[in-house]
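Enquirer: Below is one structure. I have some questions about it.
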Amino acid sequence: MSQHPYSLAALTVLELSPPEMVETAARAGYDYVGLRPTPATPEEPSFPLLTDAALLRETRRRIRDTGVKVADIEILRLKPDTRVRDDFARFVEVGAELGASDILVAGNDDDHARLIDNFAALCELAAPHGLHPHLEFMPWTGVKDLNQARRIVGAVREAGHANACLLVDAFHLDRSRSRLEDLAQVPADWMRYVQLCDVPGPIPASMDEILREARCERRFPGDGQADLKGLLAVISPTVPLSLEIPTDALRQQGVSALERARTALEKAHALVGD
Numbered sequence: 008m009s010q011h012p013y014s015l016a017a018l019t020v021l022e023l024s025p026p027e028m029v030e031t032a033a034r035a036g037y038d039y040v041g042l043r044p045t046p047a048t049p050e051e052p053s054f055p056l057l058t059d060a061a062l063l064r065e066t067r068r069r070i071r072d073t074g075v076k077v078a079d080i081e082i083l084r085l086k087p088d089t090r091v092r093d094d095f096a097r098f099v100e101v102g103a104e105l106g107a108s109d110i111l112v113a114g115n116d117d118d119h120a121r122l123i124d125n126f127a128a129l130c131e132l133a134a135p136h137g138l139h140p141h142l143e144f145m146p147w148t149g150v151k152d153l154n155q156a157r158r159i160v161g162a163v164r165e166a167g168h169a170n171a172c173l174l175v176d177a178f179h180l181d182r183s184r185s186r187l188e189d190l191a192q193v194p195a196d197w198m199r200y201v202q203l204c205d206v207p208g209p210i211p212a213s214m215d216e217i218l219r220e221a222r223c224e225r226r227f228p229g230d231g232q233a234d235l236k237g238l239l240a241v242i243s244p245t246v247p248l249s250l251e252i253p254t255d256a257l258r259q260q261g262v263s264a265l266e267r268a269r270t271a272l273e274k275a276h277a278l279v280g281d
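The letter at position 175 of the sequence shown is residue 182 when you use the working numbering, and the numbering goes up by one with no holes.
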């Protein structure tokens with residue numbers, strides 16, 4: 008029997024400030040929320056949790072008052088010029104202040120030996136705060152598919168970093184042509200949460216179009232063509248599901264963040280059957 012907790016991912020309601028995200032998650036019926044202390048792109052809204060003490064206090068107050076917990080914070084990008092401690096120490100401290108348990112990490116580096124070193128350094132930085140960095144594979148990054156992510160996370164774990172984890176996003180699993188058979192071989196304790204959404208149709212020929220879909224045009228669970236039932240069958244029935252479903256068309260039509268968050272949760276419950 009499925010017992011998945013649910014988290015509202017930041018990308019689903021990106022126009023909201025962090026306190027508003029917490030409030031919306033609570034009103035929509037989520038157990039957790041995901042927050043972005045730093046924006047993923049220059050174009051998206053920026054709410055500076057790392058430097059705005061009043062904003063951080065208000066976010067913590069909403070967390071306390073609503074009972075919604077912070078699951079993950081995002082997004083850290085491991086690049087060729089990354090200096091882990093200098094670049095990410097404040098991010099990790101704020102994550103701990105918010106009570107987060109996980110960090111979403113992108114591998115924006117084609118040199119996997121250097122990427123392994125940097126991911127290991129991040130895991131070492133995060134460990135005293137109880138945080139678990141999750142390396143997410145995305146087909147346009149240096150970690151393009153599930154098997155590449157498995158090798159990198161495996162190498163970091165073998166080096167003694169037990170908090171090194173792997174993040175599976177249903178969108179990227181589909182668009183990278185990764186296989187459920189391979190996912191079934193990933194140890195359950197490597198995945199402390201999974202991102203759930205559906206995809207709008209067949210895999211586009213253009214990587215630019217895949218990237219646009221990923222950031223702007225996903226589908227609610229059950230409304231697309233991804234094998235979500237297959238995904239659910241090979242992951243733990245208790246792993247938290249983060250609903251990351253940007254639907255820019257609905258937002259532009261005036262559908263509120265709360266309505267979109269509620270629809271995402273309703274569709275996920277219907278798909279999962281819990």
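All residues carry an ideal CB built from backbone N, CA and C; glycine is no exception.
Using only the alpha-carbon positions, how far apart do residue 280 and residue 88 sit?
Expert: Roughly 45 angstroms between the two C-alpha positions.
Enquirer: For a test of the three-state rule: what should DSSP assign to residue 220, helix, strand or coil?
Expert: DSSP places residue 220 in helix when its eight states are reduced to three.
Enquirer: I need the boundaries of the alpha helix (DSSP H) containing residue 189, first residue and last residue.
Expert: It spans 187-190 - the alpha helix (DSSP H) in which residue 189 sits, taken as one unbroken run.
Enquirer: Ordered along the chain, which non-local residues of its own chain (more than five positions away) have a Cβ less than 6 angstroms from that of residue 57?
Expert: Excluding residues within five positions, the ones whose Cβ falls inside 6 angstroms are 44, 97 and 101.
Enquirer: Would residue 26 pass as a contact of residue 69 if the rule is Cβ separation under 7 angstroms?
Expert: Their beta carbons are under 7 angstroms apart, which means residue 26 touches residue 69 by this criterion.
Enquirer: Does the beta-carbon of residue 236 have 16 or more other beta-carbons within 10 angstroms, so that it is buried, or is it exposed?
Expert: It counts as exposed.
Enquirer: Which residue marks the beginning of the alpha helix (DSSP H) containing residue 176, and which one marks its end?
Expert: Here residue 176 belongs to no alpha helix (DSSP H), and DSSP marks it neither H nor E.
Enquirer: Could you give the distance in angstroms between the alpha-carbon of residue 116 and the alpha-carbon of residue 110?
Expert: Distance between the alpha carbons of residue 116 and residue 110 is about 18 angstroms.
Enquirer: Nearest CA to the CA of residue 215: which residue from 182, 249, 246 and 242?
Expert: Ranking the options by Cα distance to residue 215, first place goes to 182.
Enquirer: Measuring CA to CA, which of 114, 159, 12 and 257 is closest to residue 39?
Expert: Here the closest residue by C-alpha is 12.
Enquirer: Within the same chain, show all residues whose beta-carbon is closer than 6 angstroms to that of residue 75, passing over the 5 residues directly before and after it, in chain order.
Expert: Correct list, in chain order: 29, 32, 33 and 40.
Enquirer: Can you have a look at residue 223 and say buried or exposed, based on whether 16 or more other CB atoms are within 10 angstroms of its CB?
Expert: Burial call: exposed.
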